[in-house]
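Novice: Protein chains in written order, with my numbering: chain C, 294 to 613; chain X, 5 to 553.
Glycine residues also receive a C-beta, built at the ideal position from the N, C-alpha and C atoms.
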Amino acid sequence: MSRLNRRELIKIAGAAAGFYVIGGRRVASAEAKEATGPEKPADRYAAHIESLKGTVAVARNDDPYRNTLKAIALLGGMKAFVKPGAAVVVKPNIGWNRPPSACATTNPDVVRAIVEECVKAGAGKVEVYDRTCEDRRRCYARSGIEAAAKAAGATVRFIEDYEYADTEIPRGKILKKWPVIEGILKADVVINAPIAKDHDTATLTLAMKNLMGVMGGQRGDIHTNLGQKLADFNTRIQPALNIIDANSILVAHGPQGGTAEDIRTPRTVIAGVEAATVDAFAAANLPWTIAAGRKVEGLDAAGELGLGVVDAAKIKVIEG
Amino acid sequence: MTVVAAVPVLTFLIGLIRRNGFLVALRMTIQAAFLMLFLVLLTQAVLPLDGYEALGGRFPADFFVRLSPLLAVAAMLAGQVFIAGLLLGGMTLLSAVIAGRFFCGWVCPLGTTFDIFDWLFLRHLDRPGARDGFLRGVKYLALVGILVAALFGAEAAGWFDPMSIVTRSYAIVVLPVADEGAKVVLEKPLEHETFRTDMPRLAKALARTDSTLKDLNILYDARHYYFQFATLGGVFAALLLLQAYQKRFWCRKVCPLGGMLAICGKWRPLGVYLDSGTCVDCGKCRQVCPVGAIQGKALSPEECTFCGSCVAPCPVDALSVRVGAPASVEKRPAVLPGRREFLLAAASGIAAAPVLSLNTQRQADQVRLVRPPGAQDEERFVAACVRCGECMKACPQNALHPAGFQAGLAGVWTPRIVPVIGYCDYNCLTGDQPVGNFCATVCPTGAIKKLSPEEKHKTRLGTAYFRTDKCIPYVERLTCSVCAEHCPVPEKAIKDEEIEVKDFKTGVIRKILRPYVDTALCIGCGQCENVCPLRGEKGIRVERVRSVV
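1. Who are the Cβ neighbours of G317(C) in its own chain at under 8 Å, not counting the five residues just before and after it?
2. Check the Cβ-Cβ distances between L634(C) and every residue of chain X, and say whether any is below 8 Å.
3. Check whether the stretch 266-286 of chain X and the stretch 321-338 of chain X are in contact - that is, three or more C-beta pairs closer than 8 Å.
4. Please report the straight-line C-alpha distance between P407(X) and R420(X), rounded to a whole angstrom.
5. Which word fits V378(X), buried or exposed, when buried means at least 16 other C-beta atoms lie within 10 angstroms of its C-beta?
6. Of all the options A49(X), G157(X) and R326(X), which has the alpha carbon lying nearest to the alpha carbon of I222(X)?
7. Any chance you could list the beta strand (DSSP E) runs of at least 3 consecutive residues sitting entirely within the stretch 468-524 of chain X, in chain order?
8. So, for R200(X): in the same chain, excluding its five sequence neighbours on each side, which residues have a beta-carbon less than 7 Å away from its beta-carbon?
9. In this structure, what does DSSP give as the bridge partners for A380(C)?
10. Given a threshold of 16 other Cβ atoms within 10 Å of its Cβ, counted over all protein chains shown, does E612(C) qualify as buried or as exposed?
11. Would K588(C) and D525(C) be called neighbours here (beta carbons separated by less than 8 Å)?
12. I'd like to confirm the pairing. Which residues does DSSP put opposite E547(X) in its beta bridges?
13. Given the structure, does V419(C) come close to the ligand HEM, in the sense that its CB is under 7 Å from one of the ligand's heavy atoms?
14. Pick from G599(C), V375(C), R450(C) and E597(C): whose alpha carbon is nearest that of D225(X)?
15. Rounded to whole angstroms, what is the Cα-Cα separation between P438(X) and G550(C)?
16. Give the residues of chain C in contact with L482(X), contact being defined as C-beta atoms less than 8 Å apart.
17. If you follow the beta strand (DSSP E) that R326(X) is in, where does it begin and where does it stop?
18. Counting only the same chain and skipping the five closest in sequence on each side, list residues whose C-beta sits under 8 Å from that of F121(X).
19. Which term fits P337(X), buried or exposed, when burial requires 16 or more other beta carbons within 10 angstroms of its beta carbon?
20. Using the rule of at least 16 other Cβ atoms within 10 Å of the residue's Cβ for burial, across every protein chain shown, is Y358(C) buried or exposed?
21. Do we get a CB-CB distance below 8 Å when we pair H341(C) with the residues of chain X?
22. Just the C-alpha distance for E159(X) and G149(X), rounded to the nearest angstrom, thanks.
23. Taking the alpha-carbon of V295(X) as reference, which of L217(X), D119(X) and V446(X) has the nearest alpha-carbon?
24. Hey, quick one: how far does the alpha helix (DSSP H) through D202(X) stretch, first residue to last?
25. Pick out the complete alpha helix (DSSP H) segments inside the stretch 518-553 of chain C, 4 residues or longer, and give them in chain order.
26. Pop quiz: A480(C) and V382(C) are said to be a contact at Cβ under 8 Å. What is the actual Cβ separation, rounded to whole angstroms?
27. Measure from the C-beta of N441(X) to each C-beta in chain C and report whether the shortest distance is under 8 Å.
28. Measure from the alpha carbon of G46(X) to the alpha carbon of each residue in C447(X), G55(X), V416(X) and T472(X), then state which is nearest.
29. Identify the contact partners of G513(C) in chain X, using a Cβ-Cβ distance below 9 Å as the criterion.
30. Along chain X, in chain order, which residues have C-beta atoms closer than 8 Å to that of G551(C)?
31. To be precise: take each residue of the stretch 391-402 of chain X, compare its Cβ to all Cβ atoms of chain C, and keep it if any distance is under 9 Å. Which residues remain?
32. Measure the alpha-carbon distance for K506(X) versus R481(X) and round it to whole angstroms.
33. Are C428(X) and G530(X) close, meaning C-beta to C-beta below 8 Å?
34. Give me the Cα-Cα distance between L261(X) and A349(X), rounded to the nearest whole angstrom.
35. State the DSSP-derived secondary structure class of I169(X), mapped to helix, strand or coil.
36. Pull up the CB-CB distance for E489(X) and P548(C), whole angstroms please, since I reckon it's below 8 Å.
Spelled out as structure tokens, the structure:
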């Protein structure tokens with residue numbers, strides 16, 4: 294074999310550099326999941342899930358862990374949502390560097406219950422992650438969610454900058470395209486696990502707003518015309534299951550600040566298949582103070598886009 | 005850990021292979037070990053998840069900065085305070101008294117950096133190695149100037165001390181550049197789906213390397229970059245490239261710490277000695293000496309850094325490491341500046357204090373000079389800060405940056421918060437720790453005072469003010485309030501008021517939320533400015549003033 298001369302070496306180096314240097318993000322491929330949501334589990338549950346539209350399950354228990362199990366059971370059990378071998382992503386609120394007692398992040402016991410149920414239903418893989426608002430290591434650790442999820446058998450990991458894919462939002466009125474965590478687009482089942490909180494701008498942050506945690510890009514831009522943009526985004530990303538942690542909630546000075554006086558304990562878990570429906574129920578039925586009587590951003594827009602039943606009076610309730 | 009240990013071992017083997025003698029192999033190994041220690045301490049100066057000190061408190065992250073007796077003396081004189089942690093510098097002085105400029109040849113990470121750069125890029129250059137007197141006295145003049153200035157309250161040591169220089173240069177220039185470079189290799193290919201589907205194993209390997217290096221704190225989680233990068237990069241590059249003229253130019257001519265150790269080491273018992281009786285004046289040792297310590301048959305103890313490079317090449321074994329001089333030793337007087345130069349240096353030191361305090365920008369720019377928590381007393385702070393850059397490296401939010409002229413000439417390269425890049429985390433350290441501000445735990449002189457978490461929550465760094473000519477609710481008449489959302493003060497220092505506005509285009513009246521600062525509560529942490537969605541100039545800015553109300 295003859296030795297490479299300098300020209301050939303430069304060509305090879307140039308090709309390698311060119312390969313590396315081609316920048317830009319890739320657009321979600323044509324084989325991406327349909328705009329209506331991730332793959333549904335075994336067909337025998339399809340009718341059951343269809344019947345759950347416009348319905349919420351409301352579980353009440355002193356123990357958040359048992360409360361969550363109850364709520365899932367009221368909806369027919371995790372097997373209706375997770376079929377054996379499925380790739381599951383549980384998306385809690387890990388956004389803030391706060392301990393669980395501050396109620397800024399999802400209760401770790403709630404996350405633990407959800408992960409355990411997925412594992413029991415035979416999930417192939419359960420991942421737990423969030424794009425935090427503050428230092429990600431400390432958010433994951435101080436919220437207690439990393440430890441709880443790992444103990445229950447989930448893979449807990451950080452999302453890196455290269456894991457976002459520009460995603461079209463065909464039904465969006467204002468928001469037409471936004472980068473989304475690829476794992477969310479590829480997962481078989483996405484379970485949305487927010488904690489219910491007062492929020493100064495959105496009035497309340499519940500299931501629809503929790504999905505901001507899978508958004509890439511400059512999320513500050515979402516806050517103008519927040520309601521419409523949230524509804525738009527929720528037309529594209531539709532978790533199979535939404536479980537709102539309302540065991541202890543921040544009723545003022547959310548989503549980050551807050552003192553002990555701002556916390557109430559409804560000891561409730563609200564679950565459903567439509568983010569807009571569970572949000573409407575949570576907005577109307579939890580002991581809000583500052584937000585009471587105020588319109589929740591995005592609910593009207595969600596109703597117009599057909600994302601659920603946003604009139605709380607018309608929601609069917611399964612209690613337990 | 006094994007990688008860190010492997011480097012010195014490898015260096016030792018390479019040293020032996022190069023056949024420059026056991027002494028040189030040993031010296032290179034110790035240099036490598038200290039450089040590795042320096043890099044480990046610097047990269048691990050990160051906010052721990054538990055505890056409040058870097059490295060679990062088991063070893064001080066600012067160890068190398070504290071090794072400098074020059075910084076110790078200057079900081080204590082200028083600040084007029086005794087700083088116990090800096091007594092480590094006494095060990096360095098002691099090593100000089102015993103073994104001359106041993107520190108320069110075996111320990112100093114800046115010196116090791118010079119040697120590595122020289123070996124990588126400059127070793128084939130033909131350079132005058134001889135002991136020339138040109139500018140050699142500058143290091144003593146610099147020393148005098150710095151010490152006299154410190155006596156009169158001006159802290160100038162931080163700019164010229166090698167421990168400060170090396171820490172600052174690595175923290176602001178070398179590590180961020182290495183970080184970006186590594187991420188180009190590790191992360192850029194992963195952005196392409198074709199790469200990940202066609203080469204899944206390689207892609208997984210890259211991803212796993214990337215996250216492992218981040219877990220080990222060798223790579224940053226998020227992009228870290230610093231103001232004054234160009235200036236400090238330029239200065240560092242200049243120091244490295246000055247070696248194209250002469251090896252270890254900084255060390256031989258300019259380094260004030262080198263000057264201090266030269267004076268202490270003049271009568272060192274342990275060191276390399278040249279037996280002039282045996283010497284045949286072949287000049288081989290003069291050629292290889294990196295600091296030009298040998299002239300004729302005389303080896304100057306105040307210049308020699310004990311590197312041992314001269315020992316092996318000598319054909320008659322005239323050079324050796326001994327305790328106490330051999331029978332015949334030729335002595336030459338040290339190259340010292342004249343009395344006039346010394347007086348000029350001292351006068352400059354005296355003039356330094358008033359000159360450095362000239363700050364024509366004080367009124368205008370100082371409002372943007374937001375200091376880290378614990379550094380609010382400006383005069384005391386500028387006198388005590390040695391500009392080492394440890395706090396800038398350690399701040400987990402990348403909030404601290406070297407100042408330009410915002411603090412006047414005296415404050416160049418002292419730390420300031422730049423909220424657009426990073427904010428001061430309200431919960432930097434948690435309530436159950438004794439210290440609330442992590443930056444203070446890595447500060448070698450205590451210029452940044454340690455505050456308890458409660459004190460930190462109450463320390464006002466400044467106040468946030470809305471730019472109502474930019475802020476979206478004021479200008480576009482739309483709700484935004486990302487600032488209010490992120491305000492970490494529990495009672496919220498940014499509140500919203502609901503107002504009625506008329507839409508510009510349609511004329512429709514609607515209600516929006518318009519934020520305002522509750523100046524009684526605002527602590528000026530900068531989180532609002534950091535998250536404001538506006539690019540360029542933000543709709544809210546932190547200024548270093550108390551509310552006048």
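Specialist: According to the structure data:
1. Because G317(C) sits at a pLDDT of 38, beneath the cut-off of 50, its placement in the model cannot be relied upon, and the following sentence gives the value as read from the coordinates. If we look at G317(C) and ignore the five residues flanking it on each side, it has no Cβ neighbours.
2. Limits of chain C in this structure are 294 at one end and 613 at the other, which puts residue 634(C) out of reach.
3. They touch, by the three-pair rule.
4. Reading off the sequence, residue 407(X) comes out as Ala, not Pro. Computed Cα separation, rounded: 6 Å.
5. Contrary to the premise, residue 378(X) reads as Gly rather than Val in this sequence. Burial state of G378(X) is buried, judged by a 10 Å Cβ sphere holding 16 or more other Cβ atoms.
6. A49(X)
7. 498-506 and 513-521
8. L194 and A207
9. Bridge pairing for A380(C): K418(C) [DSSP].
10. exposed
11. K588(C) is not a Cβ neighbour of D525(C), given a cutoff of 8 Å.
12. Bridge pairing for E547(X): T467(X) [DSSP].
13. Of the ligands one can find in the structure shown there are none, so the ligand HEM has no counterpart to examine.
14. R450(C)
15. 22 Å
16. T517 and N518
17. L323 to V327
18. Only L244 and Q247 meet the Cβ criterion.
19. exposed
20. By the 10 Å Cβ count, Y358(C) comes out buried.
21. no
22. E159(X) and G149(X) have their C-alpha atoms spaced approximately 11 Å apart.
23. D119(X)
24. E197 to D202
25. 519-529
26. With a Cβ gap of about 4 Å, A480(C) and V382(C) count as contacting.
27. no
28. The sequence shown places Leu at residue 46(X), rather than the Gly named in the question. Measuring from the Cα of L46(X), the nearest candidate turns out to be C447(X).
29. Near G513(C) (Cβ distances below 9 Å), the residues of chain X are C484, V486, V535, C536, P537 and L538.
30. Near G551(C) (Cβ distances below 8 Å), the residues of chain X are P494.
31. P400 and Q401
32. Looking at the backbone, the Cα of K506(X) and that of R481(X) are separated by about 8 Å.
33. yes
34. Taking the straight line from one Cα to the other gives about 16 Å.
35. helix
36. 6 Å
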